[in-house]
Amino acid sequence: MTGRRKLREGIVVSNKMEKTVVVVVERLVRHERYHRRLRRRVRYKAHDEQNKCRVGDRVRLIETRPLSRDKRWAVQAILSRSEALADVIATAEAEKVAAAKAAETPEASA
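For the sequence shown, position 31 (counting from the first letter as 1) is numbered 31 according to the numbering used here, and the numbering increases by one without interruption.
Structure representation (structure tokens):
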């Protein structure tokens, strides 16, 4: 019996690995007793063949065969880009590099 592949939509939270992104998928469930809606989050590692995904992007995942120990999903499409979050992260990384370079400079002159 063959079924349809599962689809999920989520936000990329890490793209530091080669051809792999970590995507957080959030869903709402009702508490059985109190009937309050709760957020449930799951982190999936997904295959990104061209390394196109950036942190903050909204992506659609599709279920695949096992690609590694943790990867069972692949990025099917990038639904939207998050420019604001990407800019904040790029700025933070640039500041980190500048701080590391400033820390090396006094040692070299001494």
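Just so it is clear, CB atoms sit at the ideal spot from N, CA and C, and this is done for glycine as well. Fair warning: this is a prediction, and the values are worked out from it, not measured in the lab.
The way I'd put it, the segment 51-62 does touch the segment 11-20; three or more beta-carbon pairs between them come closer than 8 Å.
Annotated as proximal: Arg27 and Val42, with beta-carbon spacing under 9 Å. Judged by DSSP secondary structure, Lys19 falls outside any beta strand (DSSP E); it is assigned neither H nor E. Relative to the Cα of Ala74, the nearest Cα in the group Glu63, Arg58, Glu83 belongs to Glu63. Within a 10 Å sphere around the beta-carbon of Leu7 sit fewer than 16 other beta-carbons, which makes this residue exposed.
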